[in-house]
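Q: Can you read through this structure? Questions will come right after.
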Amino acid sequence: MTTFTMGAVAYDPKVVTIWDGFRAWLTAAGLPFDYVLYSHYERQVEDLVAGRIDAAWNSPLAWIRARRLAEARDLPIRALVMRDTDRDLATAVVVRADSGITAVGDLRGRTVATGAVDSPQATLLPLEHLRGCGLQPGTDFTVHRFDVGVGLHGDHVGGERDAARALIAGDVDAACVLDGNHLLFTKEGVLPSGSTRLLTTTARYDHCNMTVTGAADPALVARFEELLRSMSYADPAVRGLLDLEGLTSWEEGRTDGYDLLEAAVTASGFYDATGAVTAAGYRP
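Using this note's numbering, you'd call the opening residue of the sequence shown number 2 and step up by one each time.
Here's what the structure looks like:
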């Protein structure tokens with residue numbers, strides 16, 4: 002039987018542990034499975050659309066590019082599954098608790114810290130949210146970007162953490178962080194308890210998904226989906242792997258949670274309508 006091959010981006014050493022474990026479990030269940038690691042999402046997406054891999058564990062930004070590239074080639078594409086924890090996330094724009102900033106309009110003329118240039122949650126989505134509030138990035142306020150792990154689409158949260166540190170140091174007036182990371186940074190002491198105040202949050206959006214195209218063997222795709230969806234958190238053989246990957250169950254893939262990011266990508270000119278990389282100076 003043909004081996005079903007999936008791509009994943011090596012944003013952290015634990016990625017090897019996770020997919021080595023999943024490979025052993027999937028092959029034991031009868032699916033010939035292997036994975037390929039990438040240093041950044043752009044090449045992974047290109048290989049998926051070219052048919053060099055059968056599936057890609059994609060960031061939300063990688064999904065946007067994969068969809069645009071595939072549709073420009075009349076290639077069917079879909080989000081197969083996503084983690085239960087990938088649904089209905091939000092980004093917080095936070096300010097120091099002792100600042101005089103009480104409304105979004107007060108950011109006019111100020112400096113807002115973001116994560117890496119390609120981070121959906123810490124850069125693209127919150128900047129689009131602020132556009133919707135009537136403030137144009139780079140015109141109405143200065144964007145101070147922390148480009149850590151460029152090419153990893155925000156999976157490396159170092160940029161967000163640095164943005165939070167800059168806020169506390171008084172180097173910037175606001176910082177954009179995933180709401181879950183806002184809590185994490187408070188627990189870590191990066192944001193001392195009571196030191197920050199929530200100014201605004203984005204609308205809810207979805208994060209990663211397992212992307213497949215019409216080029217993959219339908220029978221293997223169906224079996225892959227069936228096995229992922231069957232993984233039980235009650236099963237000690239996979240519980241540790243699920244913990245490392247940050248989920249308790251694989252859910253059906255959906256795409257309506259990417260509408261805000263689609264708008265952000267278009268407004269920022271990150272990719273064009275055909276999926277070509279058009280972001281100024283972006284070199285993953």
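We put the CB at the ideal spot given by N, CA and C, even for glycine.
Note that this is a predicted model, so its numbers are computed, not measured.
#1: Using a 10 Å radius around the Cβ and a threshold of 16 neighbouring Cβ atoms, would you call Y206 buried or exposed?
#2: Within the chosen definition, does the stretch 77-85 reach the stretch 33-40 through at least 3 CB pairs nearer than 8 Å?
#3: From the DSSP output, which residues share a beta bridge with N307?
#4: Please classify A277 as buried or exposed, where buried requires at least 16 other C-beta atoms within 10 Å of its C-beta.
#5: Okay, do the stretch 138-154 and the stretch 220-230 touch, 3+ Cβ pairs below 8 Å being the bar?
#6: Should the stretch 163-176 be called in touch with the stretch 17-29, which here means at least 3 C-beta pairs below 8 Å?
#7: Sorted by chain position, which residues of the same chain lie with C-beta nearer than 7 Å to L76's C-beta, five sequence neighbours on each side aside?
#8: Starting from D107, trace the beta strand (DSSP E) both ways and give me its first and last residue.
#9: Less than 8 Å between the beta carbons of R109 and T124, yes or no?
#10: Just to confirm my understanding: we take S40, look at its own chain, exclude 5 residues before and 5 after, and list those with CB closer than 6 Å. What are they?
#11: Within its chain, find whatever has a CB closer than 6 Å to the CB of L128; leave out the 5 residues flanking it on each side and keep chain order.
#12: Apply the 10 Å Cβ neighbour rule to Y234 and answer buried if 16 or more other Cβ atoms are within range, or exposed otherwise.
#13: Quick check: the Cα distance between I78 and R68, rounded to an integer number of angstroms?
#14: Is the beta carbon of F23 sitting closer than 8 Å to the one on L242?
#15: Starting from V95, follow its DSSP beta bridges and name the residues at the other end.
#16: List the DSSP bridge partners of L262.
#17: Using DSSP with H/G/I as helix, E/B as strand and the rest coil, what is L81?
#18: In terms of residues, what are the limits of the beta strand (DSSP E) holding G8?
#19: From the DSSP output, read off the bridge partner residues of L287.
#20: Identify which residue in N210, C209 and T187 has its Cα closest to the Cα of L199.
#21: Please report the straight-line C-alpha distance between R1 and R111, rounded to a whole angstrom.
A: To lay it out plainly:
#1: buried
#2: no
#3: This structure gives no information on residue 307, because the portion of the chain shown stretches from 2 to 285.
#4: exposed
#5: By the criterion of at least three beta-carbon pairs nearer than 8 Å, the stretch 138-154 is not in contact with the stretch 220-230.
#6: Contact between the stretch 163-176 and the stretch 17-29 is absent: fewer than 3 CB-CB pairs across the two stretches fall below 8 Å.
#7: V50, T214, G215 and A216
#8: Here D107 belongs to no beta strand (DSSP E), and DSSP marks it neither H nor E.
#9: no
#10: none
#11: P138
#12: Its Cβ having fewer than 16 others within 10 Å, Y234 is exposed.
#13: 6 Å
#14: yes
#15: A176 and L199
#16: DSSP lists no partner for L262.
#17: strand
#18: Start and end: F5 to V10.
#19: The displayed coordinates of the chain run from 2 to 285. Any statement about residue 287 would go beyond what the structure contains.
#20: T187
#21: Shown here, the chain extends from 2 to 285; a query on residue 1 therefore has no answer.
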